[in-house]
Amino acid sequence: MDKATFNLEPEVPVKLKFGEENNILIAEAENCFAQQQNYQVTVTTSVPIDDALDQELVNNKYRPFTYQKTFTTQPAPATSLTKPNSVARVDINSIDINFSEPMNQDEVLGLIKLSPDLAGNWLWVDEQNLSFQLSQQLNYNQTYKIQLSGRAKSIDGSYIDSFDLAFRTYGAVSVSKFSPYNGQVQVPINKEISINFNQPVDHPSAEDAFTISPPIAGNFEWQANTLIFKTSGLAQDTTYTVAVDQGIGSINGLASTRSYSTTFTTIESQTILNVPYDRQDYPLSCEASALKMALGFYGLNPSEDEIIARVGYNGPVHRNQETNIWGNPNIGYVGDISGSQNTTGYGVHWGPIAKAASSYRSTQAFSGWSATQLAAELETGHPVVIWGSIGGSPDSWQDESGNTIFAWKGEHTWTVIGFTGKVDNPTGFYTHNPLGPANQRWSISSFMGNWAKFGNSGVVVR
Numbered sequence: 062m063d064k065a066t067f068n069l070e071p072e073v074p075v076k077l078k079f080g081e082e083n084n085i086l087i088a089e090a091e092n093c094f095a096q097q098q099n100y101q102v103t104v105t106t107s108v109p110i111d112d113a114l115d116q117e118l119v120n121n122k123y124r125p126f127t128y129q130k131t132f133t134t135q136p137a138p139a140t141s142l143t144k145p146n147s148v149a150r151v152d153i154n155s156i157d158i159n160f161s162e163p164m165n166q167d168e169v170l171g172l173i174k175l176s177p178d179l180a181g182n183w184l185w186v187d188e189q190n191l192s193f194q195l196s197q198q199l200n201y202n203q204t205y206k207i208q209l210s211g212r213a214k215s216i217d218g219s220y221i222d223s224f225d226l227a228f229r230t231y232g233a234v235s236v237s238k239f240s241p242y243n244g245q246v247q248v249p250i251n252k253e254i255s256i257n258f259n260q261p262v263d264h265p266s267a268e269d270a271f272t273i274s275p276p277i278a279g280n281f282e283w284q285a286n287t288l289i290f291k292t293s294g295l296a297q298d299t300t301y302t303v304a305v306d307q308g309i310g311s312i313n314g315l316a317s318t319r320s321y322s323t324t325f326t327t328i329e330s331q332t333i334l335n336v337p338y339d340r341q342d343y344p345l346s347c348e349a350s351a352l353k354m355a356l357g358f359y360g361l362n363p364s365e366d367e368i369i370a371r372v373g374y375n376g377p378v379h380r381n382q383e384t385n386i387w388g389n390p391n392i393g394y395v396g397d398i399s400g401s402q403n404t405t406g407y408g409v410h411w412g413p414i415a416k417a418a419s420s421y422r423s424t425q426a427f428s429g430w431s432a433t434q435l436a437a438e439l440e441t442g443h444p445v446v447i448w449g450s451i452g453g454s455p456d457s458w459q460d461e462s463g464n465t466i467f468a469w470k471g472e473h474t475w476t477v478i479g480f481t482g483k484v485d486n487p488t489g490f491y492t493h494n495p496l497g498p499a500n501q502r503w504s505i506s507s508f509m510g511n512w513a514k515f516g517n518s519g520v521v522v523r
């Protein structure tokens, strides 16, 4: 084999030479082959023709020949910290490292170092296990690193360019996680309270440091580093604060140096009346529909037309656009219940609705009520019709007697059927909307903002 073309993929700088008998091509990497790498070798050359018949068919004594071969280099030796684990006591006596292959011991010892420095000596247990024998106690809450600063070879020629191993020692006890978490709301009343610590702790000292406010009876259980407080049931609508004081003892480290706490709120209670739903029959008959639903709670079922007839009408059907004179909704229905709101039709306010409702049940028209007054009526079992608006803006006109009527474009009524939270601190209200939907929940801020448009007015049906 006089001439040969050598190709290696991936490319590596090599030196080529032939063996003594000139039939062996040797490729030596100028540096090193990469470890755990797939390579493909392609050699193209010419070889003598041995077959006599072939010699008669060609004009020369050689024919082309291509050789291909793939190979994979061995992986780098692996290293692992066998002692300690990721977190260590300060009184351990050694730091132990395992190599997956027998190593050149002198090379490793010349390159390995500890940070920060420690008093002690490196000792090879065997060709694959290296131990640092400590002659001092470690520091609390300290991270230690074991590093190899250059290339160290194994016995078989594989090598480690560098490694970084690390562990830390136990420090002070701290809380890793609270459950429920701080600020959590709608917590189920059967929820267990758990506190996860960052390390093993002295159980009695942790239990002594535990407090819950408002106080509630319960029992302690432990799962690994987690303290579990089981109660017979938390109270609804209640904000609890769970705390652990400083001084919780550690099994391996230092006692806690600060207190920890979490605050959460349990699920809201609900008071909802079984009020039947009714969708209004006419474009502007929401007041009659809302009252019909409230009366339906008591088993009464008047039609909207019957309620409208009992309320009656007041003033001209259409608003006079020139004089701005129209009817008085504090006396009866204003405009056409099938008209266009605030031009050919409007509605009626709480006084006339309460008067019509009194034909069926005891009623009360009111203004200026608070959320707690409304919740108190609902808790007693009394549905309430309230006034607000669907969008719109303030509006006003004069009635035929010269009275100024304050109103809203988009005036609307809802039947309030329930609330969430406590009577003295409701957090939301449920309503039936005559235009839909039924059982709609309002946040307390949204509800009060809309209700305020008509001075927190309404009709309670008892």
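The sequence shown begins at 62 in our numbering and counts up one residue at a time.
Positions of the beta carbon are idealized from the N, C-alpha and C atoms, including for glycine.
Just so we're clear, the structure is a prediction, and the values are computed from it rather than from any experiment.
Q: For Asn-313, name the three-state secondary structure that DSSP assigns.
A: Locating residue 313 in the sequence shown gives position 252, where the first residue counts as 1. In the structure shown, Asn-313 adopts coil according to DSSP, grouped into three states.
Q: Starting from the N-terminal side, write out each stretch of the beta strand (DSSP E) that is 3 residues or longer and does not extend beyond the region 268-304.
A: Listed in chain order, the complete beta strand (DSSP E) runs (minimum 3 residues) inside the region 268-304 are 271-274, 279-284 and 287-292.
Q: In the DSSP assignment, find the unbroken alpha helix (DSSP H) run with Asn-511 in it and report its ends.
A: Walking along the sequence shown from the start, residue 511 turns up at place 450. Boundaries of the alpha helix (DSSP H) around Asn-511: 505-512.
Q.
Whole angstroms are fine: how far does the CA of Gly-310 sit from the CA of Ser-192?
A. Residue numbering aside, residue 192 sits at position 131 when the sequence shown is read from its first letter. Residue numbering aside, residue 310 sits at position 249 when the sequence shown is read from its first letter. Rounded to whole angstroms, Ser-192 to Gly-310 spans 31 Å at the Cα level.
(Q) Please tell me whether Phe-427 and Val-522 are closer than 8 Å, where the distance is taken between their beta carbons. (A) The count along the sequence shown starts at 1 and reaches residue 427 at position 366. The count along the sequence shown starts at 1 and reaches residue 522 at position 461. No, the pair does not count as a contact, with Cβ atoms beyond the cut-off.
**Q.** Residue environment, Trp-387, which counts as buried when at least 16 other CB atoms sit within 10 Å
**A.** Your numbering for residue 387 matches position 326 in the sequence shown. Trp-387 should be labelled buried.
Q: Tell whether a beta-carbon distance below 8 Å holds between Tyr-407 and Glu-472.
A: Taking the first residue of the sequence shown as position 1, residue 407 is located at position 346. Taking the first residue of the sequence shown as position 1, residue 472 is located at position 411. A contact, by the Cβ cut-off of 8 Å.
Q. So, Thr-55 versus Ala-351, is the Cβ gap smaller than 8 Å?
A. The requested residue 55 is not part of the displayed model; the chain covers only 62 to 523.
**Q.** Between the CA atoms of Tyr-100 and Ala-137 - distance to the nearest angstrom
**A.** Residue 137 sits at position 76 when you count from the first residue of the sequence shown. Residue 100 sits at position 39 when you count from the first residue of the sequence shown. Roughly 16 Å between the two C-alpha positions.
**Q.** Asp-155 to Leu-195 span [Cα, whole Å]
**A.** One-based indexing of the sequence shown puts residue 155 at position 94. One-based indexing of the sequence shown puts residue 195 at position 134. A small fix is needed here, since residue 155 is Ser in this sequence, not Asp. In a straight line, the C-alpha of Ser-155 is about 5 Å away from that of Leu-195.
(Q) Tell me the DSSP secondary structure of Trp-411 in three-state form. (A) On the sequence shown, residue 411 is found 350 positions in, with the first residue counted as 1. In the structure shown, Trp-411 sits in a helix (DSSP, three-state: H, G or I).
**Q.** Ile-207 and Leu-226 closer than 8 Å at C-beta
**A.** Counted from its first residue, the sequence shown places residue 207 at position 146. Counted from its first residue, the sequence shown places residue 226 at position 165. For Ile-207 and Leu-226, yes; Cβs fall inside 8 Å.
Q.
Rounded to the nearest angstrom, what separates Gln-344 and Asp-485 at their Cα positions?
A. Here residue 344 corresponds to residue number 283 of the sequence shown, with the count starting at 1. Here residue 485 corresponds to residue number 424 of the sequence shown, with the count starting at 1. The sequence shown places Pro at residue 344, rather than the Gln named in the question. Going by the C-alpha atoms only, they are around 37 Å apart.
Q. Roughly how many angstroms separate the alpha carbons of Ala-296 and Gly-497, rounded to a whole number?
A. Against the sequence shown, residue 296 aligns to sequence position 235. Against the sequence shown, residue 497 aligns to sequence position 436. Going from the Cα of Ala-296 to the Cα of Gly-497 covers about 34 Å.
Q | Simplified DSSP assignment, three categories, for Pro-265 | A | As a working mapping, residue 265 is identified with position 204 in the sequence shown. Three-state result, Pro-265: helix.
Q.
Just to confirm before moving on: does the CB-CB distance between Val-305 and Ser-293 stay below 8 Å?
A. As a first step, residue 305 is located in the sequence shown; it is residue number 244 there, counting from the start. As a first step, residue 293 is located in the sequence shown; it is residue number 232 there, counting from the start. The Cβ atoms of Val-305 and Ser-293 lie no closer than 8 Å to each other.
Q: Rank Met-164, Leu-435 and Asn-159 by C-alpha distance to the C-alpha of Thr-481 and give the top, closest one.
A: Residue mapping note: residue 481 aligns to position 420 of the sequence shown, counting from 1. Measuring C-alpha to C-alpha distances from Thr-481 to each of Met-164, Leu-435 and Asn-159 identifies Leu-435 as the nearest.
Q: Work out the CA separation of Gln-425 and Asn-391 for me, nearest whole Å.
A: In the sequence shown, the residue the question calls residue 391 occupies position 330. In the sequence shown, the residue the question calls residue 425 occupies position 364. So the alpha carbons of these two residues sit roughly 15 Å apart.
Q: Report all residues from its chain with a CB closer than 8 Å to the CB of Gly-357; omit the five preceding and five following residues, and keep chain order.
A: Mapped onto the sequence shown, residue 357 falls at position 296. Closer than 8 Å at Cβ, skipping near neighbours: Val-336, Pro-337 and Asp-339.
**Q.** Straight-line gap, Arg-124 to Pro-74 (C-alpha atoms, nearest Å)
**A.** Residue 124 sits at position 63 when you count from the first residue of the sequence shown. Residue 74 sits at position 13 when you count from the first residue of the sequence shown. When rounded, the distance between both Cα atoms is 29 Å.
Q) If you count every other CB in all the chains shown that lies within 10 Å of the CB of Leu-439, and 16 or more means buried, which is it? A) Numbered from 1 along the sequence shown, position 378 holds the residue referred to as residue 439. Counting Cβ neighbours within 10 Å, Leu-439 comes out buried, since at least 16 surround it.
(Q) By DSSP's criteria, Arg-212 is part of a beta bridge. Which residues make up the other side? (A) The residue you call residue 212 lines up with position 151 of the sequence shown. None, per the DSSP bridge assignment.
(Q) Helix, strand or coil, according to DSSP, for Gly-171 in the structure here? (A) Counting from 1 along the sequence shown, the entry for residue 171 is found at position 110. Note: Gly-171 maps to helix in three-state DSSP.
Q: Identify the continuous beta strand (DSSP E) that holds Thr-230 and give its terminal residues.
A: The residue you call residue 230 lines up with position 169 of the sequence shown. Its beta strand (DSSP E) spans residues 224-230.
Q: Compute the Euclidean distance between the alpha carbons of Phe-132 and Ala-285, then round it to the nearest angstrom.
A: In the sequence shown, the residue the question calls residue 132 occupies position 71. In the sequence shown, the residue the question calls residue 285 occupies position 224. For Phe-132 and Ala-285, the distance between alpha carbons rounds to 49 Å.
(Q) I need the DSSP call for Glu-70, collapsed to helix, strand or coil. (A) Position 9 of the sequence shown, counting from 1, holds the residue named residue 70. In this structure, Glu-70 counts as strand in the three-state DSSP scheme.
Q) Is it a yes or a no for the region 232-251 touching the region 207-222, going by three-plus beta-carbon pairs under 8 Å? A) Segments in contact, no.
**Q.** Alpha-carbon to alpha-carbon, Thr-465 and Thr-405
**A.** Position 344 of the sequence shown holds residue 405. Position 404 of the sequence shown holds residue 465. When rounded, the distance between both Cα atoms is 18 Å.
(Q) Since Tyr-201 and Val-151 should fall inside the 8 Å C-beta cutoff, what is the C-beta to C-beta distance between them, to a whole number of angstroms? (A) Walking along the sequence shown from the start, residue 201 turns up at place 140. Walking along the sequence shown from the start, residue 151 turns up at place 90. The Cβ separation is near 6 Å, so the contact holds.
Q | Thr-302 beta carbon less than 8 Å from that of Ile-221 | A | Along the sequence shown, one-based indexing puts residue 221 at 160. Along the sequence shown, one-based indexing puts residue 302 at 241. Judged by beta-carbon spacing, Thr-302 lies beyond the 8 Å limit of Ile-221, meaning their Cβ atoms are not closer than that value.
Q) What residue does the alpha helix (DSSP H) around Ile-368 start on, and which one ends it? A) Here the question's residue 368 lines up with position 307 in the sequence shown. Taken as a continuous stretch (DSSP letters only), the alpha helix (DSSP H) holding Ile-368 covers 365-372.
Q: Write down the C-beta distance between Val-248 and Ile-328 rounded to the nearest angstrom, noting that I regard them as a contact closer than 8 Å.
A: Sequence index remark: in the sequence shown, residue 248 carries index 187 (1-based). Sequence index remark: in the sequence shown, residue 328 carries index 267 (1-based). Separation of the CB atoms of Val-248 and Ile-328 is rounded to 6 Å, and the pair is thereby assigned contact status at 8 Å.
**Q.** Asn-500 versus Arg-380: straight-line alpha-carbon distance, rounded
**A.** Taking the first residue of the sequence shown as position 1, residue 500 is located at position 439. Taking the first residue of the sequence shown as position 1, residue 380 is located at position 319. Distance between the alpha carbons of Asn-500 and Arg-380: 35 Å.
Q: Measuring alpha carbon to alpha carbon, tell me which of Gln-382, Ser-419 and Arg-422 ends up nearest Asp-460.
A: Locating residue 460 in the sequence shown gives position 399, where the first residue counts as 1. The option with the nearest alpha carbon to Asp-460 is Gln-382.
**Q.** Same chain, Cβ closer than 7 Å to Lys-214, neighbours up to 5 away in sequence not counted
**A.** Mapped onto the sequence shown, residue 214 falls at position 153. In chain order, Asn-165, Glu-168 and Tyr-220 place their CB closer than 7 Å to the CB of Lys-214, counting only its own chain and leaving out the 5 sequence neighbours on each side.
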